[in-house]
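K.L.:
Pasting a structure below so you can have a look.
Numbering (the working numbering), first residue to last: 3 to 49.
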């Protein structure tokens, strides 16, 4: 949805920059946040 908004409301150059850098940055941020959330909910084996 965000991609379509950027594509239709901004110039093609802005959309290309968003596709290359913005969506990649959002994906990396999501993966890091998901990893932090999962690490808090994992059961750690007792030593």
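The beta carbon of each residue, even a glycine, is placed where N, CA and C say it ideally should be.
1. Since residue 37 is in the alpha helix (DSSP H), which residue starts that stretch and which ends it?
2. Can residue 8 and residue 20 be called in contact, C-beta distance under 8 Å?
3. Under DSSP, the alpha helix (DSSP H) around residue 11 begins and ends at which residues?
4. What would DSSP say about residue 49, mapped onto helix, strand or coil?
P.N.:
On the basis of the supplied data:
1. First-last of the alpha helix (DSSP H) with residue 37: 25-43.
2. Against a cut-off of 8 Å, the Cβ pair of residue 20 and residue 8 comes out as a contact.
3. Counting along the chain, the alpha helix (DSSP H) containing residue 11 begins and ends at 4-11.
4. Note: residue 49 maps to coil in three-state DSSP.
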